[in-house]
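**Student:**
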Amino acid sequence: MRTSLEKPTSKDSSDKVVDKVQKYNTLPDDMKAIPDKEEIIKDEIQRWLQDYQKALEMADIETLKEVGFISSKKEERKFRKQDSYINYVSVSLKNAVIDLQDDGDQAVVSFDREDEWTDERGDRHKKVPPRITKILKKEDGMWKIVKNTDQTKMQAIMHQKYKDIFDGITTRYSNLRKIVAKLSLALTEKTSEAHDATTDTEKFDESNKNLFP
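Numbering (our numbering), first residue to last: 1 to 213.
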């Protein structure tokens with residue numbers, strides 16, 4: 001127990017500061033830290049990429065069906081046959097870029113993929129395909145690959161994604177052409193004026209050369 005003659009400790013002072021902060025912190029708990037919706041969705045897709053990567057390495061057919069990589073019996077048979085020839089599979093998915101569409105229910109994700117595996121003879125192989133782009137759609141709370149067979153849908157999404165960029169380039173290029181044309185016309189007029197002035201000077205010199213022998 002501390003009497004009135006004892007000096008307060010630093011701990012006592014700290015406790016008082018904390019009490020004051022808590023007293024005047026009147027914000028509701030649900031308003032103190034509101035996560036950004038876009039960041040939440042991108043985190044979901046990052047987890048989807050991790051699940052996709054692990055499923056490829058482990059040849060997890062069920063998970064590959066869930067993420068939309070396998071969507072038919074034919075694709076499943078093809079994957080099982082391919083997997084039967086290889087061992088020690090390592091899959092790397094890097095440099096992912098996520099572009100959200102349709103109020104967050106659809107996304108375009110692109111990434112670099114690198115595969116390594118050992119064949120039946122024990123030889124190690126490595127494959128680095130071109131950068132991969134997938135369209136993902138959220139269905140029943142889960143992200144799934146939209147198959148590339150729907151080329152019209154892919155083209156529509158990519159067109160919408162880059163439309164503003166293309167329009168901006170077209171507008172700037174059109175304006176640039178107009179500016180160049182105006183500059184070219186002005187330069188032509190200046191050149192013509194300079195040429196006329198030079199011609200007049202030469203004529204003047206020619207007509208007056210006898211006056212100044």
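Cβ coordinates follow ideal geometry from the N, Cα and C atoms, glycine included.
Tell me which residues share the same chain as Met142 and place their Cβ nearer than 7 Å to its Cβ, disregarding the 5 neighbours each side in the sequence.
**Tutor:** So the list reads Glu66, once near-sequence residues are dropped.
**Student:** Per DSSP, which residues does Thr219 bridge with? Please list them.
**Tutor:** Absent from the structure is residue 219, since the part of the chain shown begins at 1 and ends at 213.
**Student:** In whole angstroms, give me the CA-to-CA distance for Ser126 and Gln53.
**Tutor:** Checking the displayed sequence, the identity of residue 126 turns out to be Lys instead of Ser. Their Cα atoms are separated by approximately 16 Å.
**Student:** For Arg47, which of helix, strand or coil comes out of DSSP?
**Tutor:** Of the three classes helix, strand and coil, the one that applies to Arg47 here is helix, per DSSP.
**Student:** If I'm right that Lys137 touches Val146 with Cβ under 8 Å, what's the distance once you round it to whole angstroms?
**Tutor:** Between Val146 and Lys137 the Cβ distance is about 5 Å, and since that is below 8 Å, they are a contact.
**Student:** Please name the residue or residues paired with Ala107 in a DSSP beta bridge.
**Tutor:** DSSP output for Ala107 lists Leu100, Leu136 as bridge partner(s).
**Student:** Output the boundary residues of the beta strand (DSSP E) element that contains Lys144.
**Tutor:** Where Lys144 is concerned, the enclosing beta strand (DSSP E) stretches over 142-146.
**Student:** Can you have a look at Ile179 and say buried or exposed, based on whether 16 or more other CB atoms are within 10 angstroms of its CB?
**Tutor:** Under this definition Ile179 is an exposed residue.
**Student:** How would you call Leu185, buried or exposed, if buried means at least 16 neighbouring beta carbons within 10 angstroms?
**Tutor:** With fewer than 16 Cβ atoms within 10 Å of its Cβ, Leu185 is classed as exposed.
**Student:** For Ser72, does the three-state DSSP call read helix, strand or coil?
**Tutor:** Looking at Ser72 - three-state DSSP - the assignment turns out to be coil, as it is neither helix nor strand.
**Student:** In three-state DSSP terms, what is Arg113?
**Tutor:** Three-state result, Arg113: strand.
**Student:** Nearest to Ile61 by CA position, among Leu187, Glu76, Leu49, is which residue?
**Tutor:** Looking at the Cα atoms, Glu76 is the closest of the given residues.
**Student:** According to DSSP, what are the bridge partners of Ser92?
**Tutor:** DSSP, once it has assigned bridges, lists Glu114 as partnering Ser92.
**Student:** What does a CB cutoff of less than 7 Å around Ile41 pick up in its chain, not counting 5 residues either side in sequence?
**Tutor:** Closer than 7 Å at the Cβ level, and outside the excluded window around Ile41, lie Leu100, Gly104.
**Student:** Does the beta-carbon of Ile55 have 16 or more other beta-carbons within 10 angstroms, so that it is buried, or is it exposed?
**Tutor:** The sequence shown places Ala at residue 55, not Ile. When all chains shown are included, Ala55 counts as buried.
**Student:** Could you give the DSSP three-state label for Arg131: helix, strand or coil?
**Tutor:** Arg131: coil per DSSP, three-state reduction.
**Student:** Thr118 to Val97, Cα distance in whole Å?
**Tutor:** Roughly 30 Å between the two C-alpha positions.
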